[in-house]
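Here's the structure, in structure tokens; my notes come after.
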RNA sequence: GGCGCGAUGGCAGAGUGGUCAUGCAGCGGACUGCAACUCCGUUAACGCCGGUUCGAUUCCGACUCGCGCCUCCA
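Numbering (the UniProt record's numbering), first residue to last: 1 to 470.
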């Protein structure tokens, strides 16, 4: 039984989709004015793992993640760069796709862009005005009338009076109330804009998600997700807009990923303490980064540091050491399960962990137990080892992990300025010759020399293999 | 000020009202020419103070500390 923590109710509850077997999920995506950082990567990987798992358990998932391709920051940045909004956003969308491809994040089923849904946005605003939940103001903006929506604040337990008194928002004369937020922003000179019944302008941030989710998934859908800083005000405002306009529940389950921290502070654009995905990928294998993110529960914070990345690398090495040398069949084969009865029990425990609000750390601990068993089986039963190893690969695949050739992962790619594979192989041959002559002084000298360059040798009955240490 | 979250062994990180997390590191063995890989064994924890209970790291309350949202931010 799948249980998911719901931000709305603040507790875990059994998950039940609107339509049996079908899950409609909307996740707030990126505002594309800069390269994605590790915090973005976390949300991407988190919902990628969730989608993969749900599909592995035979749910049909329609995963929609939007792209915000027009807003203040984009306009500002495009202007600074001397390029058009479209040039900037196209560039950043391409970069985002590169980053997520590297991390093994599967593309969402739909990636709607705000600028491609202006008609739906205008229609939604019209409905809100008709129903009295929104009003065009004297300055050309259209605002949402927050106090008209009785349930405002239900997602994050805010009450309107507290919000009003604690409001840090500058009072805008055009607004009826400081809490009101903008649905349609009147155009300023030199900005991109679209025509509307209320004058030229562009959509406010919150309305696009209400419009696009309605367009892609309907008035009510199963899961709405996003990053840690979105519940208030973004998601609160989405609820206000959609439920007022559509007259029904917006999303049944709200899921929010935890923050990535640096030195105990949230990694964020405004603090300037962020590391872009491409920066990190320049130093670490993408799978190491993915493992670093997956080994902590999705709702907890993660502290970003070089040490944690290195630790993630060491943990992956244990998996690949175990997998190395097991000759797996080319394609998945159910009959393999017969080779080792214990595989099924591990699988059940893995599912049990994932069914409990996607507990990836616990699921990974099961994989480690499987590795321990695998290492033992390798010494006793080839067929059982193959069966268990293929199960490890299958389950890890649900997390998007262990998809590389083990030997290639362990050896790593040749790098400029470091000893290359051919040179290593040559030294190993020299060492083996020395060993054959029982000239251990010489053979140890070669091994030590390689170790100094980060190359570790491993002798076995089959010969000498090597890997680069992390 | 309002609304939330967290505090677990040297580190990372799950979890549970009474018995094992898991990984890294450490220690002792096995394997090895010596190592590496691997295996076996092992050390070690539940912020502080009360309460409930036969029993609490786990439930309840207070406290301390840390963090997030309340302005754009995943």
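Yeah, the Cβ is synthetic: ideal placement off N, Cα and C, and Gly gets one too.
Only a predicted model underlies this, so the values are computations on that prediction, with no experimental measurement involved.
{"Check": "Would you say residue 224 and residue 235 are within 9 Å of each other, going by their C-beta atoms?", "Outcome": "yes"}
{"Check": "Buried or exposed, going by whether 16 or more other CB atoms sit within 10 Å of the CB of residue 324?", "Outcome": "buried"}
{"Check": "Grab me the residues of residue 118's own chain with a C-beta within less than 6 Å of its C-beta, minus the 5 sequence neighbours each way, in chain order.", "Outcome": "194"}
{"Check": "Assign residue 84 to one of two classes, buried (16 or more other C-beta atoms within 10 Å of its C-beta) or exposed (fewer than that).", "Outcome": "exposed"}
{"Check": "Buried or exposed, going by whether 16 or more other CB atoms sit within 10 Å of the CB of residue 74?", "Outcome": "buried"}
{"Check": "Quick one: complete beta strand (DSSP E) runs, 3+ long, within the region 245-283?", "Outcome": "251-256, 260-262"}
{"Check": "My guess is that residue 124 and residue 241 are in contact by the Cβ rule of under 8 Å, so how many angstroms apart are they, rounded?", "Outcome": "7 Å"}
{"Check": "Drop a sphere of 10 angstroms on the beta-carbon of residue 72, count the other beta-carbons inside from all chains shown, and report buried for 16 or more, exposed for fewer.", "Outcome": "exposed"}
{"Check": "Excluding the five sequence neighbours on either side, which residues of its own chain have a C-beta within less than 6 Å of the C-beta of residue 277, listed in chain order?", "Outcome": "36, 41, 99"}
{"Check": "Work out the CA separation of residue 448 and residue 266 for me, nearest whole Å.", "Outcome": "42 Å"}
{"Check": "Measuring CA to CA, which of 307, 260, 244 is closest to residue 131?", "Outcome": "244"}
{"Check": "What residues are listed by DSSP as bridge partners for residue 61?", "Outcome": "23"}
{"Check": "Taking residue 115 as the reference, give the member of 198, 357, 69 with the closest Cα.", "Outcome": "69"}
{"Check": "Return the first residue and the last residue of the beta strand (DSSP E) that residue 460 is part of.", "Outcome": "455-460"}
{"Check": "Can you give me the start and stop residues for the alpha helix (DSSP H) that residue 205 sits inside?", "Outcome": "205-217"}
{"Check": "Which ranges does the beta strand (DSSP E) cover as unbroken runs of at least 3 residues, wholly within the region 336-362, from first to last along the chain?", "Outcome": "none"}
{"Check": "To which residues of the same chain is residue 423 closer than 6 Å at the C-beta, ignoring the five residues directly before and after it?", "Outcome": "none"}
{"Check": "So, are the CB atoms of residue 398 and residue 49 less than 9 Å apart?", "Outcome": "yes"}
{"Check": "Shortest alpha-carbon distance to residue 107 belongs to which of 197, 340, 400?", "Outcome": "400"}
{"Check": "Mapping the DSSP letters down to three states, classify residue 183 as helix, strand or coil.", "Outcome": "strand"}
{"Check": "Between residue 317 and residue 470, which are expected to be in contact by the criterion C-beta below 8 Å, what is the C-beta distance as a whole number of angstroms?", "Outcome": "7 Å"}
{"Check": "Provide the residue span of the beta strand (DSSP E) that contains residue 226, from first to last.", "Outcome": "221-226"}
{"Check": "Could you tell me the distance, in whole angstroms, from the CA atom of residue 353 to the CA atom of residue 442?", "Outcome": "51 Å"}
{"Check": "Report all residues from its chain with a CB closer than 6 Å to the CB of residue 471; omit the five preceding and five following residues, and keep chain order.", "Outcome": "Nothing about residue 471 can be read from this structure; the chain reaches only from 1 to 470."}
{"Check": "Which two residues bound the contiguous beta strand (DSSP E) that contains residue 33?", "Outcome": "First-last for residue 33: undefined, no H or E at that position."}
{"Check": "Quick check: what's the CA-CA separation for residue 18 versus residue 3?", "Outcome": "15 Å"}
{"Check": "Closest to residue 299 by CA distance: which of 433, 113, 228 is it?", "Outcome": "228"}
{"Check": "Near residue 389, which residues of its chain fall below 7 Å by C-beta distance, leaving aside the five closest residues on each side in sequence?", "Outcome": "323, 326, 328, 374"}
{"Check": "The beta strand (DSSP E) spanning residue 70 covers which residue range?", "Outcome": "Where residue 70 is concerned, there is no enclosing beta strand (DSSP E), given that its DSSP letter is neither H nor E."}
{"Check": "Out of 437, 432, 415, which has the shortest C-alpha to C-alpha gap to residue 453?", "Outcome": "415"}
{"Check": "Helix, strand or coil: how does DSSP classify residue 440 here?", "Outcome": "helix"}
{"Check": "Taking all protein chains shown into account, decide if residue 165 is buried (16 or more other Cβ within 10 angstroms of its Cβ) or exposed.", "Outcome": "exposed"}
{"Check": "Give me the DSSP bridge partner(s) of residue 540.", "Outcome": "With the chain running from 1 to 470 in the structure shown, residue 540 is simply not present."}
{"Check": "Return the bridge partner residues of residue 177 from the DSSP annotation.", "Outcome": "BP columns for residue 177 are empty, so no partner."}
{"Check": "If you run the structure through DSSP and keep just helix, strand and coil, what is residue 138?", "Outcome": "coil"}
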